[in-house]
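Colleague: Before anything else, here's the structure in question.
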Amino acid sequence: DQQVKQNSPSLSVQEGRISILNCDYTNSMFDYFLWYKKYPAEGPTFLISISSIKDKNEDGRFTVFLNKSAKHLSLHIVPSQPGDSAVYFCAATPGGYQKVTFGIGTKLQVIP
Amino acid sequence: DVKVTQSSRYLVKRTGEKVFLECVQDMDHENMFWYRQDPGLGLRLIYFSYDVKMKEKGDIPEGYSVSREKKERFSLILESASTNQTSMYLCASSSYENRVLSEKLFFGSGTQLSVL
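Note that the protein sequences, when read in sequence, are chains A and B. To get the numbering used here, take the position in the first sequence, counting from 1, and add 20. To get the numbering used here, take the position in the second sequence, counting from 1, and add 524.
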């Protein structure tokens with residue numbers, strides 16, 4: 021049973037436009053949400069996170085939105101750049117000593 | 525910068541062989557993890573460790589064991605490799621922040637294991 025779902029396996033966006041990656045979760049105990057980026061032949065790297073007490077967190081071109089009632093979060097990249105082309109993993113955890121659960125990833129391609 | 529080093533980038537083994545995947549981190553992190561990544565399945569947790577000589581099962585521990593004799597080193601062991609263990613294996617570490625396990629994981633580059 022997938023507790024963290026990324027229903028779009030891939031996404032193509034023109035350079036300069038907005039990329040929106042979506043993630044849904046089922047576990048009400050999740051308290052922290054994270055996005056990781058993975059380039060081929062490299063390990064995932066942490067991108068941005070959000071606590072359940074917030075509904076938005078920004079870091080430069082990256083913004084994560086959290087809708088707790090809908091159990092949905094999204095990552096916005098504005099403007100998108102070719103270097104953003106990677107696989108993006110959504111992740112969640114109840115926090116404390118609990119493990120992090122990952123989604124299956126969304127492959128983003130930013131077209132120059 | 526945190527560095528998590530996995531000993532092999534690519535590994536080819538035969539069915540039934542015993543396989544050791546090694547991981548070393550240089551940031552004195554308390555917590556270490558082993559994940560495998562498969563297409564369509566994302567990252568799945570195999571085992572993790574919160575302290576030396578301590579281990580906890582993740583979501584898919586069957587067929588695997590782990591060893592953590594030193595804080596900086598976490599080994600994943602495939603006792604008898606099988607073809608369904610062909611995968612990308614990723615090691616990660618994290619620290620505690622304000623006495624809470626940090627959700628921010630630092631990953632190694634991965635080991636692509638092929639079992640023939």
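We treat Cβ as the ideally placed atom computed from N, Cα and C, and that holds for glycine.
Is the segment 539-555 of chain B in contact with the segment 594-606 of chain B, if contact means three or more CB pairs nearer than 8 Å?
Modeller: yes
Colleague: Quick one: what's got a C-beta closer than 7 Å to LEU67(A)'s C-beta in the same chain, skipping five residues either side?
Modeller: TRP55, TYR56, LYS57 and PHE82
Colleague: Any contact of the segment 561-572 of chain B with the segment 116-126 of chain A, i.e. 3+ C-beta pairs under 8 Å?
Modeller: The count of Cβ pairs closer than 8 Å, one atom from the segment 561-572 of chain B and one from the segment 116-126 of chain A, reaches three, so the stretches are in contact.
Colleague: Report the residues of the segment 55-69 of chain A with a CB closer than 9 Å to any CB of chain B, ordered along the chain.
Modeller: TYR56, LYS58, ALA61, GLU62, GLY63, PRO64, THR65, PHE66 and SER69
Colleague: From what residue to what residue does the beta strand (DSSP E) around GLU78(A) run?
Modeller: 76-79
Colleague: Can you tell me whether DSSP reads GLN530(B) as helix, strand or coil?
Modeller: strand
Colleague: Under 9 Å between the Cβ atoms of PRO64(A) and LEU614(B)?
Modeller: yes
Colleague: Starting from GLU593(B), trace the beta strand (DSSP E) in both directions and tell me its first and last residue.
Modeller: 588-594
Colleague: Distance check for LYS527(B) and LYS595(B), CA to CA, integer angstroms please.
Modeller: C-alpha separation (whole angstroms): 14 Å.
Colleague: Mind pulling the beta strand (DSSP E) runs of 3 or more residues that sit fully within the segment 544-612 of chain B?
Modeller: Entirely contained in the segment 544-612 of chain B, the beta strand (DSSP E) runs reaching 3 residues are, in chain order, 555-562, 566-573, 588-594 and 597-602.
Colleague: Label ARG592(B) either buried or exposed according to how many other C-beta atoms from any shown protein chain fall within 10 Å of its C-beta, with 16 as the threshold for buried.
Modeller: buried
Colleague: For the segment 89-97 of chain A against the segment 26-44 of chain A, are there 3 or more C-beta pairs whose distance is under 8 Å?
Modeller: yes
Colleague: Mapping the DSSP letters down to three states, classify ASP104(A) as helix, strand or coil.
Modeller: helix
Colleague: Quick one: what does DSSP say SER94(A) is sitting in, helix, strand or coil?
Modeller: strand
Colleague: When you compare the CB of LYS119(A) with every CB in chain B, is at least one pair closer than 9 Å?
Modeller: yes
Colleague: Return the bridge partner residues of TYR59(A) from the DSSP annotation.
Modeller: The partner list for TYR59(A) (beta bridge, DSSP) is empty, contrary to what the question assumes.
Colleague: Let's see if you can read the secondary structure: which residues bound the beta strand (DSSP E) around ASP51(A)?
Modeller: Counting along the chain, ASP51(A) falls outside any beta strand (DSSP E), and DSSP gives it neither H nor E.
Colleague: Note down, in chain order, all residues in the segment 584-614 of chain B with a beta-carbon under 8 Å from any beta-carbon belonging to chain A.
Modeller: LEU614
Colleague: Quick one: is PHE82(A) near chain B, going by C-beta distance under 9 Å?
Modeller: Not one chain B Cβ lies under 9 Å of PHE82(A).
Colleague: Could you tell me which residues DSSP pairs with LYS127(A) in its beta bridges?
Modeller: SER30(A) and VAL107(A)
Colleague: Just the C-alpha distance for ARG538(B) and LEU640(B), rounded to the nearest angstrom, thanks.
Modeller: One C-alpha to the other measures close to 5 Å.
Colleague: Report the partner residues of VAL24(A) according to the DSSP bridge assignment.
Modeller: TYR45(A)
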